[in-house]
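Notes to accompany the following structure.
Chains as they are written, first to last, in the numbering used here: chain D, 360 to 635; chain G, 145 to 407; chain Y, 505 to 855.
Set out below in structure tokens:
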């Protein structure tokens, strides 16, 4: 009955290759979709640059007056903006649906992905790209170039640091959205999380007290996305980079586990709106 | 006013964001004042309370452009132009009036959150004001002037944003102009007091309307002196008159173009 | 082995009991009460390879729930489902390689890009070799006539064109079975006809098993060969389309037209509509012999035209949908067959 001549993904190697191919093709298709919205993209890029420039001016003036704030000088602040921007951008370029997951679940749109032979979590997250995110991604590199010139080692380190940052961003947002499985509309939690991440991460670590630090290295992982990468970058400490990747893997694992738990609930159908 | 109540969800988001900003900036200023107790004439408490008041116009009076643009884009303007009353004035009354509730709520929220985080606002007479009677009178005049200044800041915001929104008579995509306006407002007086800017920049800034959108009420609040307060308010009133005139001019040119070209 | 087997499938949901009154509302916050809703109460059927089955039922009958269990999106609370030898809930990912789905409202296609890009990505999702995929694409483009808009963004296509692409996309991985939910909803007459032809062709050419729900009589009559009707959570009808159509509720519609005015009163039967020269009758074949009615009408005058029609399938199905319980619906079926049987016996006797 089965086995109609299609190469089944029996071995792990085959399956990894299949997912790599899928992610590559999803990325290409996402890129094409972005190009369809060139004008939109330019406008958003311009808006983002304006916003970032305004805050850069603020920091320039303030630090000019006070010297370092919270242990950060002007270039430190610029660098965490760069790191956060590129990580955030990368997360939304590759996994553009991370903040739509809740809405997709509520609208019943998850079913299409469940019925395809790819893991539903990766499938739904990778099926979209956020046009403006390409601008965020580029911004970080622009700032890096402005501050560090063409130092290749720093460029490589910056890129290496953006990847776990992006994974942590994606995993955290996806986890918040997965709460929809358990509590219905989780958009309040998701918006709050987004706001927290995009504000706390952009200010010097030193301004936060000890209580906050706990939060910033757990549920609102600004510490792992901005502060720690900045320290690594400043000291060119490549040795700490694998640690960040491990942390990212942990966040991804937890997020995936939460999604699967929610999916089990979804499959048993005992939601209040389980209408026939 | 009734229209405002129709978007409660969105406003709750604004209130949340405002509180978050105030919290973060209270920490930023604490960090900035780690090495000094006074910078550019401001203590830390003054700087935080400055921010609390300076952000009120952004959160309470910051979205006129979008509602006006929406009206213009969906063709409502053609409908309203046919009505026999003053379009600019009517819209001002409706939208500005409606925003007063939100601005008021934000102000109250700011007072509460600020007191929780850094203690009550600095006294009107400064640290030296201890005499009961004089103190109360000063507090009262300060409160009144802050209120007046905020109202003027809101109205000024309205007419400036309306002028930008009305460029839609000529341009389809005019959001960029508003973004520039918004960011300039942010940098010139909202995030940081004018006194912090380098002298040349500060002088230049005072020639623009931006300080009168945020700096004026915040300054009156944290560094009250009747003379300065009244001159700030007077400057606001002057800019308001200019902005209202600008709005009318833009409108008359624009509506003429509309009736000639049919939109 | 049959392609799709449902054996006593059941699904019971727990829903919160809505509290009435303030005290009850408070109590429900702390300790919410649940009650059981039996959406599907033991559904059984077997579907063979290559069959074209219409799965019908009114809203709330348990239709969507049953399909979701067959597709593995929902876990049954009782009984079992077996599709292509696999348990859909346990082996959903594996099964999805061989089973396709077309939802009326949801899409597998990327909205802002042309079908060519969606097909490429689907090829990657289903792990189809690029060469195989291109070959299969060419075949589908030819069969479905997709060439004119192969490079046009999907958002610019008409609904009919979009559904055609959707259907073609679902056939890209050459599925063994295809589940369809309201495939022709919102389409115009021509588009509906095209989709039905394409579906029938898919079943014929690719030997795809088709399991379709629809509220459109045309879809059901023209594509499917077998109907399973579910109501009140149970299967109330499971038979071939031919047999279903014969459940004519023992009614025939006879229309006549004459050259000149004629007296059209028949003993015990009056026309439903009439003009001096034409009339239509509703004949209850359990009370009147159809043959006698026709003979009587023919002999009344100079007959120009006569039509004899079955009860529309719509009415048959509507009558089943209107029943209040599973038992009532099944009884309706039995009575109808009895009535039809009697009528046929009557005709045979008088012939």
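Idealized CB from N, CA, C, for every residue including glycine.
Closer than 8 Å, CB to CB, is residue 627 (chain D) near chain Y or not?
-> yes
Hey, is the stretch 289 to 307 of chain G in contact with the stretch 359 to 377 of chain G, meaning 3+ C-beta pairs nearer than 8 Å?
-> Enough Cβ pairs lie closer than 8 Å, so yes.
If you check the beta carbons only, do residue 735 (chain Y) and residue 562 (chain Y) fall under 8 Å apart?
-> In this structure, residue 562 (chain Y) lies closer than 8 Å to residue 735 (chain Y) by Cβ.
Rounded separation between residue 503 (chain D) and residue 567 (chain Y) - CA only = Looking at the two C-alpha atoms, the distance is approximately 58 Å.
Between the stretch 600 to 612 of chain Y and the stretch 469 to 476 of chain D, do at least 3 Cβ pairs fall closer than 8 Å?
-> Touching, yes, given that three or more Cβ pairs across the two stretches are closer than 8 Å.
Please state if the CB of residue 755 (chain Y) and the CB of residue 557 (chain Y) are separated by a distance shorter than 8 Å.
-> no
How would you write the range of the beta strand (DSSP E) that residue 733 (chain Y) sits in, first residue to last?
-> 730 to 735
Please state whether DSSP places residue 726 (chain Y) in a helix, a strand or coil.
-> helix
In chain order, each alpha helix (DSSP H) run of at least 4 residues that lies wholly inside the stretch 154 to 223 of chain G = 188 to 204 and 208 to 217
In the DSSP assignment, what residue or residues form a beta bridge with residue 773 (chain Y)?
-> Y:770
Check whether the Cβ atoms of residue 533 (chain D) and residue 599 (chain D) sit closer than 8 Å, and answer yes or no.
-> no
How about residue 575 (chain Y): is its C-beta nearer than 8 Å to some C-beta of chain D?
-> yes
Just the C-alpha distance for residue 677 (chain Y) and residue 709 (chain Y), rounded to the nearest angstrom, thanks.
-> Using only the alpha carbons, I get a separation of about 15 Å.
Return the chain-ordered ranges of every alpha helix (DSSP H) run that is complete within the stretch 542 to 581 of chain D and spans a minimum of 4 residues.
-> 546 to 559 and 569 to 575
Please report the Cβ distance between residue 579 (chain D) and residue 559 (chain D), rounded to the nearest whole angstrom; I am assuming they are in contact, meaning their Cβ atoms lie under 8 Å.
-> 6 Å
For a contact meaning CB atoms closer than 8 Å, what does residue 182 (chain G) contact in chain D?
-> Ordered by position in chain D, no residue passes the 8 Å Cβ test against residue 182 (chain G), which lies about 11 Å from the chain.
Using CA coordinates, which residue listed in D:575, D:542, D:569 and D:564 is at the minimum distance from residue 552 (chain D)?
-> D:575
Name, going along the chain, the residues of the stretch 397 to 431 of chain D whose beta-carbon falls closer than 9 Å to a beta-carbon of chain G.
-> Taking 9 Å as the Cβ-Cβ cut-off against chain G, the residues of the stretch 397 to 431 of chain D that qualify are 398, 402, 405, 406, 409, 410, 412, 413, 414, 416, 417, 420, 421, 422, 423, 424, 425, 426, 427, 428, 429, 430 and 431.
Note down the Cα distance separating residue 819 (chain Y) from residue 650 (chain Y), rounded to an integer number of angstroms.
-> 37 Å
Continuous alpha helix (DSSP H) stretch holding residue 430 (chain D): start and end | From DSSP, residue 430 (chain D) is part of no alpha helix (DSSP H); its letter is neither H nor E.
The alpha helix (DSSP H) enclosing residue 755 (chain Y), as first and last residue numbers = From DSSP, residue 755 (chain Y) is part of no alpha helix (DSSP H) but of the beta strand (DSSP E) over 755 to 762.
Can you list, in chain order, the residues of its chain whose CB lies under 6 Å from that of residue 434 (chain D), leaving out five sequence neighbours each side?
-> 506
One or two residues paired with residue 514 (chain Y) in a DSSP bridge | Y:545 and Y:582
Could you name the residues of chain D that residue 164 (chain G) contacts, counting a contact when the two beta carbons are closer than 7 Å?
-> 554 and 558
Whose Cβ in chain G lies nearer than 7 Å to the Cβ of residue 565 (chain D)?
-> 175
From the beta carbon of residue 591 (chain Y), is the nearest beta carbon of chain D less than 8 Å away?
-> For residue 591 (chain Y), no CB of chain D lies under 8 Å from its own CB, so it is not counted at the interface with that chain.
Chain A contact for residue 459 (chain D) (CB, 8 Å cutoff) = Protein chains in the displayed structure are D, G and Y, and chain A is not among them.
Using CA coordinates, which residue listed in G:161, G:208 and G:172 is at the minimum distance from residue 326 (chain G)?
-> G:208
Buried versus exposed, by CB contacts within 10 Å (16 or more), residue 182 (chain G) = exposed
Pick helix, strand or coil for residue 786 (chain Y), following the three-state DSSP scheme.
-> strand
Going along the stretch 571 to 582 of chain D in order, which residues come within less than 7 Å of chain G, judged by CB to CB distance?
-> Answer in chain order: no residues at all.
With DSSP run on the structure shown, which of helix, strand or coil describes residue 565 (chain Y)?
-> Of the three classes helix, strand and coil, the one that applies to residue 565 (chain Y) here is coil, per DSSP.
For residue 541 (chain D), count neighbouring Cβ atoms within 10 angstroms of its own Cβ and tell me buried if that reaches 16, exposed if not.
-> exposed
Short CB-CB distance (under 8 Å) between residue 750 (chain Y) and chain D = no
Does the pairing of the stretch 539 to 550 of chain Y with the stretch 512 to 530 of chain Y give three or more beta-carbon distances under 8 Å?
-> Judged by pairs of C-beta atoms under 8 Å, the stretch 539 to 550 of chain Y touches the stretch 512 to 530 of chain Y, as three or more such pairs exist.
Tell me whether residue 552 (chain Y) is buried or exposed, calling it buried when 16 or more other Cβ atoms sit within 10 Å of its Cβ.
-> Looking at its Cβ environment, which holds fewer than 16 other Cβ atoms inside 10 Å, residue 552 (chain Y) is exposed.
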